[in-house]
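Residue numbers (the working numbering), protein chains in the order written: chain F, 524 to 850; chain H, 3 to 548. Even glycine gets a Cβ: it sits at the ideal position worked out from N, Cα and C. First the structure, in the form of structure tokens, and then the observations on it.
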Amino acid sequence: MSSAAQKEISQIGGGQVGLSNFYLPEALTGTAKDIDGLFGMIVWIALVMFILVEALLVIFLIRYKRKHPDKHGKAIDGNTKAEVIWTLIPALILVFIGIYSTSMVYTIQEPPENVYEIKVTGMKWAWEFEYPNGAKSFNDLRIPEGENVLFKIYSKDVIHSFWIPEFRIKQDAVPGRETRFWVNADQLSGGENKYEKRVICAEYCGNQHSLMLADLQIMPAKEFTAWVDAELTRPKTDAQYVVQANGCTSCHTIDGGKSAGPTWKGLFGKKQIVNGQEVTVDEKYLEEAIVQPDAKTPEGYSTGMMPAFQMEPEAIKNVVEYIKSLQ
Amino acid sequence: METLAATGDVKRKSFFRDWILTVDHKKIGIMYALTSIIFFFFGGLAAILIRTQLALPDTQVLEPQQFNQAFTVHGTIMIFLWIIPMLTGAFGNYLVPIMIGAHDMAFPRMNALSFWLFLLGGLVLFVSFFVGAVPDVGWTAYPPYSIESQGAGLDFWITSVHILGLSSILAAINFIVSTWNMRTEGMTFNRMPLFVWANLVTSFIQLFGTPALAGAVTTLLLDRHFGTVFYNVQAGGDPMLYQHLFWFYSHPAVYVMIIPAMGIVSEILPVFARKPIFGYKAIAYSSIMIGLLGFMVWAHHMFVAGMQMTEGIPFMITSMIIAVPTSIKIFNWLATLWGGQIKYTTPMLFVSLGFLGLFTIGGLSGIMLGAVPLDLHLHDTYFVVAHFHYVVFGGSMTAIMAGMFFWFPKVTGRMYHEKFGQVAFWMYFIGTNLTFFPMHFIGMAGMPRRVFFYQPELTTLNQVATIGSFVIGIASLLLIANLVHAIFKGQKAVQNPWGAQTLEWTNASSPPTEFNFEEMPVVTSDPYQFGEKKDGKTLDDDGVTA
Numbered sequence: 524m525s526s527a528a529q530k531e532i533s534q535i536g537g538g539q540v541g542l543s544n545f546y547l548p549e550a551l552t553g554t555a556k557d558i559d560g561l562f563g564m565i566v567w568i569a570l571v572m573f574i575l576v577e578a579l580l581v582i583f584l585i586r587y588k589r590k591h592p593d594k595h596g597k598a599i600d601g602n603t604k605a606e607v608i609w610t611l612i613p614a615l616i617l618v619f620i621g622i623y624s625t626s627m628v629y630t631i632q633e634p635p636e637n638v639y640e641i642k643v644t645g646m647k648w649a650w651e652f653e654y655p656n657g658a659k660s661f662n663d664l665r666i667p668e669g670e671n672v673l674f675k676i677y678s679k680d681v682i683h684s685f686w687i688p689e690f691r692i693k694q695d696a697v698p699g700r701e702t703r704f705w706v707n708a709d710q711l712s713g714g715e716n717k718y719e720k721r722v723i724c725a726e727y728c729g730n731q732h733s734l735m736l737a738d739l740q741i742m743p744a745k746e747f748t749a750w751v752d753a754e755l756t757r758p759k760t761d762a763q764y765v766v767q768a769n770g771c772t773s774c775h776t777i778d779g780g781k782s783a784g785p786t787w788k789g790l791f792g793k794k795q796i797v798n799g800q801e802v803t804v805d806e807k808y809l810e811e812a813i814v815q816p817d818a819k820t821p822e823g824y825s826t827g828m829m830p831a832f833q834m835e836p837e838a839i840k841n842v843v844e845y846i847k848s849l850q
Numbered sequence: 003m004e005t006l007a008a009t010g011d012v013k014r015k016s017f018f019r020d021w022i023l024t025v026d027h028k029k030i031g032i033m034y035a036l037t038s039i040i041f042f043f044f045g046g047l048a049a050i051l052i053r054t055q056l057a058l059p060d061t062q063v064l065e066p067q068q069f070n071q072a073f074t075v076h077g078t079i080m081i082f083l084w085i086i087p088m089l090t091g092a093f094g095n096y097l098v099p100i101m102i103g104a105h106d107m108a109f110p111r112m113n114a115l116s117f118w119l120f121l122l123g124g125l126v127l128f129v130s131f132f133v134g135a136v137p138d139v140g141w142t143a144y145p146p147y148s149i150e151s152q153g154a155g156l157d158f159w160i161t162s163v164h165i166l167g168l169s170s171i172l173a174a175i176n177f178i179v180s181t182w183n184m185r186t187e188g189m190t191f192n193r194m195p196l197f198v199w200a201n202l203v204t205s206f207i208q209l210f211g212t213p214a215l216a217g218a219v220t221t222l223l224l225d226r227h228f229g230t231v232f233y234n235v236q237a238g239g240d241p242m243l244y245q246h247l248f249w250f251y252s253h254p255a256v257y258v259m260i261i262p263a264m265g266i267v268s269e270i271l272p273v274f275a276r277k278p279i280f281g282y283k284a285i286a287y288s289s290i291m292i293g294l295l296g297f298m299v300w301a302h303h304m305f306v307a308g309m310q311m312t313e314g315i316p317f318m319i320t321s322m323i324i325a326v327p328t329s330i331k332i333f334n335w336l337a338t339l340w341g342g343q344i345k346y347t348t349p350m351l352f353v354s355l356g357f358l359g360l361f362t363i364g365g366l367s368g369i370m371l372g373a374v375p376l377d378l379h380l381h382d383t384y385f386v387v388a389h390f391h392y393v394v395f396g397g398s399m400t401a402i403m404a405g406m407f408f409w410f411p412k413v414t415g416r417m418y419h420e421k422f423g424q425v426a427f428w429m430y431f432i433g434t435n436l437t438f439f440p441m442h443f444i445g446m447a448g449m450p451r452r453v454f455f456y457q458p459e460l461t462t463l464n465q466v467a468t469i470g471s472f473v474i475g476i477a478s479l480l481l482i483a484n485l486v487h488a489i490f491k492g493q494k495a496v497q498n499p500w501g502a503q504t505l506e507w508t509n510a511s512s513p514p515t516e517f518n519f520e521e522m523p524v525v526t527s528d529p530y531q532f533g534e535k536k537d538g539k540t541l542d543d544d545g546v547t548a
């Protein structure tokens with residue numbers, strides 16, 4: 524491994540991570556630390572087995588290289604004692620790993636009393652987080668530091684998987700089913716509490732699966748309460764929120780990539796062919812496209828693909844401004 | 003054969019009669035091999051495309067959908083059209099009858115049908131390329147995503163899986179009946195070559211597992227086109243049913259891909275170590291153990307899929323238990339090398355450093371994934387990709403390569419180029435480690451599988467993997483070139499160039515005649531009679547006590 528790669532890895536999570544920790548990102552919960560402990564233990568057992576097997580293999584290959592073409596090896600076709608030994612020892616090691624892991628599974632599964640519940644919903648291709656007071660955020664998960672948080676995980680469409688590597692846990696978001704796990708998280712080391720694109724979808728869910736990422740913030744309890752209260756009453760007309768809440772990016776990319784609908788990058792000012800006529804995309808066109816998508820469907824797309832959206836004028840204006848900014 | 007010729011019953015030879023209408027297990031085996039090698043080429047191409055895209059965190063070599071199609075095609079081809087047909091179809095068909103001293107399989111025409119169904123199944127999958135609807139659902143095709151999948155791509159995929167499954171079931175029945183009934187005089191079960199044992203266990207797995215897969219994909223098809231609601235949550239369906247059915251076949255399918263490979267290893271090691279296989283019975287019976295336990299571990303693919311975490315515990319335990327027969331084999335093979343007289347040939351390098359060295363890594367990472375608490379983090383990451391590639395690439399593939407070189411003189415009557423064979427091995431070995439070892443760390447650091455975009459911090463590790471995949475690509479071309487060249491220009495091979503003791507070497511010419519043996523062989527011992535006996539007597543290369 525090059526030192527450059529180690530340095531790159533060590534930046535993940537802001538903490539000091541490298542080969543000494545098997546490249547695992549910073550562990551932010553007690554459970555994550557326990558899992559790392561088990562991981563370390565199994566890795567060391569595996570390393571010993573690995574070195575044993577590979578060393579014997581290489582030693583035998585070198586030591587017993589044939590020097591005379593007609594020579595034969597020893598006519599030994601087995602040894603019961605040896606075979607019993609190398610059956611029992613791995614079995615005992617595995618029993619040990621099994622028992623140790625089993626007791627841990629119960630600890631991880633049972634949430635403590637007094638948990639703060641956050642409802643997590645996966646959809647193509649965004650994460651929605653709903654807090655107990657009814658506030659919602661999109662692709663922006665915030666949790667209070669040092670409190671027991673229980674995630675209840677749902678899906679709106681297909682199977683997703685809610686994964687935060689720093690917590691060492693993922694659970695699939697399965698339609699028609701509630702899955703859950705709980706955490707009690709510390710802040711990231713290094714004073715930073717915001718972690719971009721660290722809530723990851725780990726179950727393949729279609730075209731934009733790779734980009735189904737959300738930010739994670741672990742906030743001091745007071746700050747968190749203030750934020751979650753403000754979030755409930757805040758007028759929800761800013762473009763980011765509107766775009767996420769209406770799932771626009773399910774069909775429109777913002778980076779020029781192909782999807783079901785036209786990309787927003789460079790859309791403003793572009794010339795589109797509509798019913799054989801050239802039309803320039805301006806504010807009016809975009810506003811109409813949101814409220815009445817089938818009015819002027821450009822060539823290459825069919826009507827009926829996009830639902831008509833009812834929004835406050837302020838929200839529409841902000842989204843149009845947002846699209847304008849994507850040049 | 004003389005008698006047949008004497009009665010004038012031999013029809014005029016033609017390509018059509020010789021190959022298309024053939025029911026000869028050897029020719030069917032060769033056709034399986036050639037067909038699956040062609041499919042392997044496409045599967046490898048898809049892999050190279052995937053790695054090229056991932057050389058940089060956000061390149062757009064492929065559109066997102068093309069990327070998704072690439073990994074779907076890669077997985078499907080490599081599993082259903084390359085490794086399984088190569089191991090059971092090609093090696094199984096060619097070797098099993100001749101190794102047990104039979105003229106052919108028990109049902110030669112059914113055997114031909116298996117091959118033609120396999121070809122048909124492969125072509126149906128490839129039709130999807132030409133109608134522009136390549137499936138993009140992953141080789142697992144989990145609903146409800148797969149049900150919503152647009153276009154006919156998935157329907158072709160389902161049809162293809164059905165046809166391939168039928169082919170597997172027919173072949174499995176054929177192998178079981180042949181092995182049970184067609185063994186020559188003296189060929190008791192405990193004298194069968196270990197490849198035959200492996201193939202027998204594999205056939206039982208195919209026979210019992212494949213129907214579950216057929217059920218799984220049938221429900222997909224019904225949901226897509228006939229209004230059933232197996233996976234429609236609004237109507238009370240449950241997507242997890244599919245996963246249970248799918249893995250009930252697809253985990254045993256992993257053993258379908260590895261047990262015959264282990265059989266090949268058990269054939270080649272004693273020949274070049276000039277020692278009897280160590281613990282014949284332990285190796286043979288541990289295959290049976292793996293085959294049985296293989297049906298009890300499927301839900302370890304589903305620890306985070308919506309089961310209660312504690313529901314995973316029984317499956318964790320069975321997964322741990324299955325590591326025991328596997329490690330028994332590893333230690334028995336090592337003990338076979340101990341005190342041997344080892345000759346470094348291409349097949350020997352592939353099974354020793356190649357299979358033993360690489361498969362061990364895949365086995366050990368499997369223990370980590372089998373532990374529920376670790377799987378919570380590692381599931382669906384590149385760690386899993388690393389793990390199963392060490393098993394199926396480091397394991398199955400190296401055994402296939404070893405087998406191709408080992409039996410090449412038998413099948414073609416020619417010798418391959420030894421030096422270039424060894425060069426190809428080293429490139430393979432280095433390429434495999436470059437490609438798949440960094441993936442452990444990529445996964446642990448937080449990169450999920452099946453993504454075309456990743457954090458820029460992981461660029462270096464990903465680039466190492468991409469370079470490794472190119473090395474493997476070049477090695478594969480070199481290897482195929484070596485064998486193709488040898489078919490036409492290779493030295494003529496003698497009947498038994500390796501001094502092996504199984505019937506295909508000792509009692510059949512290279513290549514074997516139409517009915518394998520001039521005289522039915524009679525077997526008096528197990529097939530690994532190598533080595534210096536304690537009384538000082540030695541065996542020469544023909545297995546005769548000197």
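Report task. Taking only beta carbons into account, state which residues of the region 601 to 617 of chain F come closer than 8 Å to chain H, listed in chain order. Result -> For the region 601 to 617 of chain F, the beta-carbon criterion of a distance under 8 Å to any beta-carbon of chain H is satisfied by Gly601, Asn602, Ala605, Glu606, Trp609, Thr610, Pro613, Ala614, Leu617.
Exercise for the section: Note the first and the last residue of the continuous alpha helix (DSSP H) segment covering F:Ser684. Expected result: Position 161 of the first sequence, counted from the start, is the residue given in the question as residue 684 of chain F. That residue, F:Ser684, is in no alpha helix (DSSP H); its beta strand (DSSP E) goes 683 to 687.
Notebook entry, point to check: Can you name the residues of chain H whose CB is closer than 8 Å to the CB of F:Ala708?
Noted result: For this step, residue 708 of chain F is matched to residue 185 along the first sequence. Result: empty, since nearest Cβ-Cβ is about 15 Å, beyond 8 Å.
Which bits of chain H does F:Met742 rub up against, with CB to CB less than 8 Å? Here residue 742 of chain F corresponds to residue number 219 of the first sequence, with the count starting at 1. Correct list: empty, because the minimum Cβ distance to chain H is about 22 Å.
Assign F:Glu811 to one of two classes, buried (16 or more other C-beta atoms within 10 Å of its C-beta) or exposed (fewer than that). On the first sequence, residue 811 of chain F is found 288 positions in, with the first residue counted as 1. The residue is exposed, with fewer than 16 neighbouring Cβ atoms inside 10 Å.
- Helix, strand or coil at F:Cys771 according to DSSP, with G and I counted as helix: On the first sequence, residue 771 of chain F is found 248 positions in, with the first residue counted as 1. F:Cys771: helix per DSSP, three-state reduction.
Query raised in the report: The alpha helix (DSSP H) spanning F:Asp709 covers which residue range?
Result: Along the first sequence, one-based indexing puts residue 709 of chain F at 186. Careful: F:Asp709 lies outside any alpha helix (DSSP H) and carries neither H nor E.
| said: Quick check on F:Lys675: does DSSP put it in helix, strand or coil? | reply: Counting from 1 along the first sequence, the entry for residue 675 of chain F is found at position 152. Strand, per DSSP.
Check your understanding: What residues from the region 357 to 371 of chain H come within 8 Å of chain F, judged by C-beta to C-beta, listed N to C?
Key -> Taking a C-beta cut-off of 8 Å against chain F, the contacting residues of the region 357 to 371 of chain H are Leu358, Gly359, Thr362, Ile363, Leu366, Ser367, Ile369, Met370, listed in chain order.
For H:Thr204, name the three-state secondary structure that DSSP assigns.
-> Residue 204 of chain H sits at position 202 when you count from the first residue of the second sequence. Helix at H:Thr204.
Can you tell me which of H:Gly293, H:Pro375, H:Ala154, H:Leu89 puts its alpha carbon nearest to the alpha carbon of F:Met564?
-> Translated into the one-based positions of the first sequence, residue 564 of chain F becomes position 41. Comparing Cα positions, the closest option is H:Pro375.
Using the beta-carbon of each residue, which ones in chain H are nearer than 8 Å to F:Asp856? Outside the shown range of chain F, which is 524 to 850, sits residue 856 of chain F, and nothing can be said about it.
query = Going by DSSP, which residues form a beta bridge with F:Lys717?
reply = Along the first sequence, one-based indexing puts residue 717 of chain F at 194. DSSP, once it has assigned bridges, lists F:Gln740 as partnering F:Lys717.
Q.
If we define contact as Cβ-Cβ less than 9 Å, is F:Thr625 a contact residue for chain H?
A. As a first step, residue 625 of chain F must be located in the first sequence, where it is residue number 102. With a threshold of 9 Å between beta carbons, F:Thr625 makes contact with chain H.
Next item on the list: Starting from the N-terminal side, write out each stretch of the alpha helix (DSSP H) that is 4 residues or longer and does not extend beyond the region 463 to 489 of chain H.
Entry: For secondary structure counted as the alpha helix (DSSP H) over 4 or more consecutive residues, the region 463 to 489 of chain H holds no complete run.
One or two residues paired with F:Ile796 in a DSSP bridge: As a working mapping, residue 796 of chain F is identified with position 273 in the first sequence. BP columns for F:Ile796 point to F:Glu801.
Q) Assuming H:Ile207 contacts H:Tyr257 under a Cβ cut-off of 8 Å, what Cβ separation, rounded to an integer in Å, is found between them? A) The residue labelled residue 207 of chain H in the question sits at position 205 within the second sequence. The residue labelled residue 257 of chain H in the question sits at position 255 within the second sequence. Taking a contact as a CB-CB distance under 8 Å, the pair H:Ile207 and H:Tyr257 counts as one, their CB atoms being some 6 Å apart.
Status (buried if at least 16 other CB within 10 Å, exposed otherwise) for F:Met828:
The residue given as residue 828 of chain F occupies position 305 in the first sequence. F:Met828 should be labelled exposed.
>> F:Thr803 and F:Lys788 - do their beta-carbons sit closer together than 9 Å?
In response: In the first sequence, the residue the question calls residue 788 of chain F occupies position 265. In the first sequence, the residue the question calls residue 803 of chain F occupies position 280. Their beta carbons are not under 9 Å apart, which means F:Lys788 does not touch F:Thr803 by this criterion.
Practice task
Could you check if F:Pro785 is buried or exposed, using at least 16 other CB atoms within 10 Å of its CB as the buried criterion?
Solution key: Position 262 of the first sequence, counted from the first residue, corresponds to residue 785 of chain F. With a threshold of 16 other beta carbon atoms within 10 Å, F:Pro785 meets it and is buried.
Chain C contact residues for F:Gly823, given Cβ-Cβ distances below 8 Å | Absent from the structure is chain C; the protein chains it does hold are F and H.
inquiry  = What are the residues in the region 439 to 456 of chain H lying within 7 Å of chain F by C-beta distance?
reply    = Residues passing the 7 Å Cβ filter: Phe443, Met446, Ala447, Gly448, Pro450, Arg452, Val453, Phe454, Phe455.
Checklist entry - Can you name the residues of chain H whose CB is closer than 7 Å to the CB of F:Phe652? => result Within the first sequence, residue 652 of chain F is the residue found at index 129, counting from 1. What F:Phe652 touches in chain H: nothing, since even the nearest Cβ is about 19 Å away.
| Proximal residues to H:Thr5 (C-beta, below 8 Å), its chain only, five neighbours per side dropped | Against the second sequence, residue 5 of chain H aligns to sequence position 3. No answer about H:Thr5 holds up, because its pLDDT of 46 lies below 50 and its placement is not dependable.
- Hey, how far is the Cα of H:Met198 from the Cα of F:Leu611? The count along the second sequence starts at 1 and reaches residue 198 of chain H at position 196. The count along the first sequence starts at 1 and reaches residue 611 of chain F at position 88. Reading off the sequence, residue 198 of chain H comes out as Val, not Met. Straight-line measurement puts the Cα of F:Leu611 at about 27 Å from the Cα of H:Val198.
- Quick one: grab the DSSP three-state call for H:Ile344. For the purposes of this step, residue 344 of chain H is taken as residue 342 along the second sequence, with counting starting at 1. DSSP places H:Ile344 in the strand class (E or B) of the three-state scheme.
6 Å CB neighbourhood of H:Pro458 in its chain, flanking five on each side removed: For the purposes of this step, residue 458 of chain H is identified with residue 456 of the second sequence, where counting begins at 1. These residues qualify, in order along the chain: Pro59.
### Helix, strand or coil at F:Asp695 [DSSP, three-state]
One-based indexing of the first sequence puts residue 695 of chain F at position 172. Residue state, collapsed to three classes: strand.
Query raised in the report: Beta carbon of H:Gly448, beta carbon of H:Ile50: below 9 Å?
Result: In the second sequence, residue 448 of chain H corresponds to position 446, counting from 1. In the second sequence, residue 50 of chain H corresponds to position 48, counting from 1. Not in contact: H:Gly448 and H:Ile50 (Cβ atoms no closer than 9 Å).
Cβ pair count under 8 Å reaching 3, the region 184 to 194 of chain H against the region 244 to 258 of chain H:
By the criterion of at least three beta-carbon pairs nearer than 8 Å, the region 184 to 194 of chain H is not in contact with the region 244 to 258 of chain H.
_Environment of F:Thr756 [buried if 16+ CB atoms lie within 10 Å]_ = Here the question's residue 756 of chain F lines up with position 233 in the first sequence. An exposed status is given to F:Thr756, since fewer than 16 other beta-carbon atoms sit within 10 Å of its beta-carbon.
Exercise for review: Could you give the DSSP three-state label for H:Thr220: helix, strand or coil?
Suggested key: Your numbering for residue 220 of chain H matches position 218 in the second sequence. If DSSP states are grouped into helix, strand and coil, H:Thr220 belongs with the helices.
Check your understanding: Expressed to the nearest angstrom, what Euclidean distance is found between the alpha-carbon atoms of H:Gly356 and H:Val394?
Key -> Here residue 356 of chain H corresponds to residue number 354 of the second sequence, with the count starting at 1. Here residue 394 of chain H corresponds to residue number 392 of the second sequence, with the count starting at 1. Looking at the two C-alpha atoms, the distance is approximately 12 Å.
Identify which residue in H:Phe443, H:Gln152, H:Phe210 has its Cα closest to the Cα of H:Ile178.
As a first step, residue 178 of chain H is located in the second sequence; it is residue number 176 there, counting from the start. Check the Cα spacing between H:Ile178 and each of H:Phe443, H:Gln152, H:Phe210: the tightest is with H:Phe210.
CA nearest to the CA of H:Ala404, picked from H:Gly124, H:Leu36, H:Ile319, H:Met350 = Locating residue 404 of chain H in the second sequence gives position 402, counting from the first residue. Cα-wise, what sits closest to H:Ala404 is H:Met350.
Exercise. Could you name the residues of chain H that F:Met572 contacts, counting a contact when the two beta carbons are closer than 7 Å?
Key: Looking up residue 572 of chain F in the first sequence gives position 49. The answer, in chain order, is Leu366.
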